[in-house]
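Asker: When we follow the working numbering, the leftmost residue of the first sequence carries the number 861, and every step to the right adds one. Backbone N, C-alpha and C define an ideal beta-carbon position, used for all residues, glycine too. Given the structure is predicted, the values throughout are model-derived calculations rather than measurements.
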Amino acid sequence: MALPIPPVQAIDTETTGLAPHGSDTMFSYSLCDWDGKTSVHRLDGGPIRQTTNHANLDKFWSDTSIEKTMFNAKFDTLFCEKKLGKRLAEQSVIHDSYIMSHLLRSDRKVHKLKELAWELAGIPRDDEQAIHAYVRGVEENFSHVPEHLMEIYQHRDAERTMLMHRYMYPQIQANPKFLEIYKMEMDLIKVTMRMEKRGMMIHRQRTLDTMAKLEKDLALATQEFVTISEKITGQRIFPGQTAKVSKLLFKYLKLPDLADGSTSKDDVLLPLREQHPHPIIDLLLKCRSWKHGVSMLASYLDYADDTDTIHPSINTCGAGSTGRESCSKPNLQNVEKDGNLKNPFPSPARLCFRPRPDHILIPIDYAGQEMRWIVHISGDKRMLAEFNRVGSDPHSLAAGIFYPPFTEEEERDFHFVNDAIRKGFSAFKKGQKEFKMLRDSAKNTNFAKPYGCNFVKAGFILGIPEPLSKKRCAEYDAMFPDLVGCLRNGMQEVRECGYTTNDFGRRLYINPSEAYMWLNYRAQSDGAEVTKRAQVRVHKYLREATSEEVGILLAIHDEILIEYPRKRLKDIGDIMGNIHKLMTTFPEASVPMEIEAKLCTVSWAQKRELVWKGVA
DNA sequence: GTGTCACGCGCG
DNA sequence: AAAGCGCGCGTGACAC
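(1) If you draw a straight line from the alpha carbon of Q1031 to that of D904, how long is it in whole angstroms?
(2) Where does R1016 fall in DSSP's three states?
(3) At the level of alpha carbons, what is the spacing between I1012 and D987?
(4) For a quick check, are the C-beta atoms of L1074 and S883 less than 8 Å apart?
(5) Where do the ends of the alpha helix (DSSP H) carrying S1256 lie?
(6) I need the boundaries of the beta strand (DSSP E) containing T1176, first residue and last residue.
(7) L973 and F931 - do their beta-carbons sit closer together than 8 Å?
(8) Quick check on DSSP: helix, strand or coil for H1417?
(9) Whole angstroms are fine: how far does the CA of I865 sit from the CA of I926?
(10) Kindly give me the distance between the Cβ atoms of H1015 and V900, rounded to whole angstroms, as I take these residues to be in contact under 8 Å.
(11) Under the assumption that E1196 contacts R1210 (Cβ atoms under 8 Å), give the Cβ distance between them as a whole number of angstroms.
(12) Start and end of the alpha helix (DSSP H) containing V900?
(13) Would you decide whether C849 is buried or exposed? Buried here means 16 or more other CB atoms lie within 10 Å of its CB.
(14) What residue from M1024, E1271, Y1226 has the CA that sits closest to K1283's CA?
(15) Grab me the residues of L1343's own chain with a C-beta within less than 6 Å of its C-beta, minus the 5 sequence neighbours each way, in chain order.
(16) Ordered along the chain, which non-local residues of its own chain (more than five positions away) have a Cβ less than 6 Å from that of D1386?
(17) Tell me whether the region 1420–1437 and the region 1218–1227 touch, counting them as touching only if at least three CB pairs, one residue from each stretch, are closer than 8 Å.
(18) Using 8 Å as the threshold, is the C-beta distance between M886 and K943 below it?
(19) Going by C-alpha distance, which of V1471, E1419, G1180, L891 is nearest C1021?
(20) Applying the 10 Å Cβ sphere with the 16-neighbour rule, what's the burial state of I908?
(21) What does the alpha-carbon distance come out to for the pair E1078 and D1120?
(22) Near T1052, what residues of its chain come up, given a Cβ to Cβ distance below 7 Å and the 5 sequence neighbours on each side ignored?
(23) In angstroms, rounded to a whole number, what distance separates the CA positions of Y1226 and K1202?
(24) Roughly how many whole angstroms lie between the Cα atoms of S1124 and P1254?
(25) Return the first residue and the last residue of the alpha helix (DSSP H) that E1040 is part of.
(26) What three-state label does DSSP hand Y1381 in the structure shown?
(27) Roughly how many angstroms lie between the CA atoms of E975 and T1070, to the nearest whole one?
(28) Write down the C-beta distance between M1028 and S961 rounded to the nearest angstrom, noting that I regard them as a contact closer than 8 Å.
(29) L1130 to T937, Cα distance in whole Å?
(30) Out of G1365, N1438, L1459, Y1376, which has the shortest C-alpha to C-alpha gap to E1448?
(31) Taking 8 Å as the cut-off, decide whether the C-beta atoms of R968 and G1411 are in contact.
(32) Whole angstroms are fine: how far does the CA of N1191 sit from the CA of H825?
(33) Is the Cβ-Cβ distance between I1140 and I1088 less than 8 Å?
(34) Do the CB positions of W921 and S952 come within less than 8 Å of each other?
(35) Under a three-way DSSP split, which group does E1448 fall into?
(36) I think Q1384 touches R1184, with their Cβ atoms under 8 Å apart; what is that distance to the nearest whole Å?
So this is what it looks like as structure tokens:
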């Protein structure tokens, strides 16, 4: 008896390049049905064939009884949409074995179709060699490769795509949690396609002006650096020559070598700058930062289209190990902020990004995501209670424990400790600089403790002597036993089964020799899960409520950036109220989620608080 | 010239 | 500055 054939077909597209939002187009596609029957269709080379195959492609996508499976579905779907000139994703059931591969084995190093098909089904990997040889020879894209060469490879790629679907999808279906996450991921892909298309606008003139200023300052600083280095060593050393710079600092100038010859900013240059100020250190910091700034700004301009809009490539499973997203070409998740205390000579790149004309930007970020998830994961009763208290402040709570007023005995033994610490945290009110200082140290320790730091390091963070730190840590440990103890249990789990499962059912493989990474992976992945769901929910809502006049531009791990037309500003209270609800409703979490919204009218860098009706 | 590596650094 | 981790990308150094 024949089994019913699932209505799934695989499609693989061939394109002139990798930029679906740019000038690249699709010139051919191949299909494979459930049984492995493949076909190749050219969309170039003569009007008759072109018209026929265009119509066939349209028919393929219009038939909603067929589910479409792809490998990296966002890529193929975007090119099909571009070719057919209409939206396809929203009204189709699409599958993606690239996503499945990530969900099933997050520890896999490569998730490439050819590699997977070789590893899982023994399909040889040699079919692309002839094409690559050809492309290299004439320096052209695949559309110029002779058709007979392309065909062999296209048949096989369509077949691989179907094989991967047939191999992996049952494994996804077998686990209800996997299936739920997979469906969310497929929704997210559709959302991400629209985000990429919308793109982020750069202010061209402002960028050019900023680059000109940075280049000028950079030239001066470089000149000075080379001159001084020559004076000291007799040799012209440039700031980029790390090995020579290391020699200059530690051999010639005999500055203390803090990290085995490394000249990295945070670990070496900034501490040196405080303790042994030397003009060469600041010059080096300036040269590095500004050179980096200039080249990043230049690359942003390169990526911008003729409307000054950047369409990045967002990989929804970019961080294979944690479920986080990544962004490339360019990476808009690491655009430099100004006012970063860690860089004394910044390049203010976010100033160069602007809202589209007649729009504002609304960055919405989750407050204290990582800490919330750490506390949830640990299940620590007392800390959970603090998070669930109205007006809670876990870092102040910790500050009260780490910094009680000194006893007489402590005053005698540790009289050299600074005044603020001796008086204790309770002696200060919000707004005072001592309050902030002590709370910040307690906050850092609150993070460090669950990650397993000992009392020696804690004492260093807290700025108190070791014997005192030992005592205070013991009090902290007694008060929050599960918070400091959860890492052990998690590590045990990883050593036993090689993976952990986050609070949404996603499986995270962790190398048992690196089991200590458990808590970090868990916190990152739970946070990622929330932000991903937030995007799907908010996009769906904005589509229905505003016909996509309001839309998401970007997600940055615990933050989403929204584009909002000025003409709808009168509705902002309602819309933000609904977004707030969608972004914070997560029964999976035993701690409340909170968001903070800001508002940018001029640039991404210049933010004001955004308060909407009904929220204090 | 092309590819790979380690480093450094931006964001979270 | 300080406890841990995840990404992308520009650079210089080095092998081929």
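Answerer: To lay it out plainly:
(1) In the first sequence, counting from the first residue as 1, residue 1031 sits at position 171. In the first sequence, counting from the first residue as 1, residue 904 sits at position 44. Roughly 38 Å separates the two Cα atoms.
(2) By 1-based counting over the first sequence, the position of residue 1016 is 156. R1016: helix per DSSP, three-state reduction.
(3) For the purposes of this step, residue 1012 is taken as residue 152 along the first sequence, with counting starting at 1. For the purposes of this step, residue 987 is taken as residue 127 along the first sequence, with counting starting at 1. Inter-residue distance for I1012 and D987 is about 7 Å (C-alpha atoms, whole angstroms).
(4) As a first step, residue 1074 must be located in the first sequence, where it is residue number 214. As a first step, residue 883 must be located in the first sequence, where it is residue number 23. Contact flag unset, no.
(5) The residue given as residue 1256 occupies position 396 in the first sequence. Element bounds for S1256: 1254–1262.
(6) Stepping through the first sequence from its first residue, residue 1176 is reached at position 316. 1173–1179 is the span of the beta strand (DSSP E), which, as asked, contains T1176.
(7) For the purposes of this step, residue 931 is taken as residue 71 along the first sequence, with counting starting at 1. For the purposes of this step, residue 973 is taken as residue 113 along the first sequence, with counting starting at 1. Contact: yes.
(8) For this step, residue 1417 is matched to residue 557 along the first sequence. Correct three-state label for H1417: coil.
(9) Reading the first sequence from its first residue, position 66 is the one you call residue 926. Reading the first sequence from its first residue, position 5 is the one you call residue 865. Cα to Cα, the separation comes out at about 11 Å.
(10) Numbered from its first residue, the first sequence carries residue 1015 at position 155. Numbered from its first residue, the first sequence carries residue 900 at position 40. The pair is a contact, with the Cβ atoms about 6 Å apart (cut-off 8 Å).
(11) For this step, residue 1196 is matched to residue 336 along the first sequence. For this step, residue 1210 is matched to residue 350 along the first sequence. With a Cβ gap of about 7 Å, E1196 and R1210 count as contacting.
(12) Working through the first sequence from its first residue, we reach residue 900 at position 40. Segment 898–902 is the beta strand (DSSP E) holding V900; no alpha helix (DSSP H) there.
(13) Residue 849 falls outside the range modelled here, since the chain spans only 861 to 1476, and no answer is possible.
(14) In the first sequence, the residue the question calls residue 1283 occupies position 423. Nearest option by C-alpha distance: E1271.
(15) Counted from its first residue, the first sequence places residue 1343 at position 483. The residues are S1238, D1240, M1243, P1310.
(16) For the purposes of this step, residue 1386 is identified with residue 526 of the first sequence, where counting begins at 1. So the qualifying residues of the chain are W1233, N1362, D1363.
(17) Contact between the region 1420–1437 and the region 1218–1227 is present, because at least three Cβ pairs lie under 8 Å.
(18) As a first step, residue 886 is located in the first sequence; it is residue number 26 there, counting from the start. As a first step, residue 943 is located in the first sequence; it is residue number 83 there, counting from the start. Yes, the pair counts as a contact, with Cβ atoms nearer than the cut-off.
(19) One-based indexing of the first sequence puts residue 1021 at position 161. For the sequence presented, residue 1021 should be read as Thr rather than Cys. When only C-alpha atoms are compared, the closest one is L891.
(20) As a first step, residue 908 must be located in the first sequence, where it is residue number 48. I908 comes out exposed.
(21) On the first sequence, position 218 is the one that residue 1078 refers to. On the first sequence, position 260 is the one that residue 1120 refers to. Here the sequence assigns Leu to residue 1078, which means Glu is not the residue at that position. Going by the C-alpha atoms only, they are around 28 Å apart.
(22) Your numbering for residue 1052 matches position 192 in the first sequence. Taken in chain order, the residues that qualify are K934, I1174, T1176.
(23) Translated into positions along the first sequence, residue 1226 becomes position 366. Translated into positions along the first sequence, residue 1202 becomes position 342. Cα-Cα distance, rounded: 22 Å.
(24) Along the first sequence, read from residue 1 onward, the residue named residue 1124 stands at position 264. Along the first sequence, read from residue 1 onward, the residue named residue 1254 stands at position 394. In a straight line, the C-alpha of S1124 is about 33 Å away from that of P1254.
(25) Translated into the one-based positions of the first sequence, residue 1040 becomes position 180. Run containing E1040: 1036–1058, per the alpha helix (DSSP H) assignment.
(26) The residue labelled residue 1381 in the question sits at position 521 within the first sequence. Annotated three-state conformation of Y1381 is helix, per DSSP.
(27) On the first sequence, residue 975 is found 115 positions in, with the first residue counted as 1. On the first sequence, residue 1070 is found 210 positions in, with the first residue counted as 1. So the alpha carbons of these two residues sit roughly 44 Å apart.
(28) Sequence index remark: in the first sequence, residue 1028 carries index 168 (1-based). Sequence index remark: in the first sequence, residue 961 carries index 101 (1-based). Sure, about 7 Å apart at Cβ, within 8 Å.
(29) Here residue 1130 corresponds to residue number 270 of the first sequence, with the count starting at 1. Here residue 937 corresponds to residue number 77 of the first sequence, with the count starting at 1. The alpha-carbon atoms of L1130 and T937 are separated by roughly 48 Å.
(30) Taking the first sequence and counting its residues from 1, the one referred to as residue 1448 is at position 588. Closest option to E1448, Cα to Cα, is G1365.
(31) Taking the first residue of the first sequence as 1, we reach residue 968 at position 108. Taking the first residue of the first sequence as 1, we reach residue 1411 at position 551. Cβ atoms of R968 and G1411: not closer than 8 Å.
(32) This structure cannot speak to residue 825, because the chain is shown only from 861 to 1476.
(33) The sequence position of residue 1140 within the first sequence is 280, counting from 1. The sequence position of residue 1088 within the first sequence is 228, counting from 1. Result yes, Cβ atoms of I1140 and I1088 sit closer than 8 Å.
(34) For the purposes of this step, residue 921 is taken as the residue at position 61 of the first sequence. For the purposes of this step, residue 952 is taken as the residue at position 92 of the first sequence. Yes, the pair counts as a contact, with Cβ atoms nearer than the cut-off.
(35) Position 588 of the first sequence, counted from the first residue, corresponds to residue 1448. Correct three-state label for E1448: coil.
(36) As a first step, residue 1384 must be located in the first sequence, where it is residue number 524. As a first step, residue 1184 must be located in the first sequence, where it is residue number 324. Correct: roughly 6 Å between the Cβ atoms.
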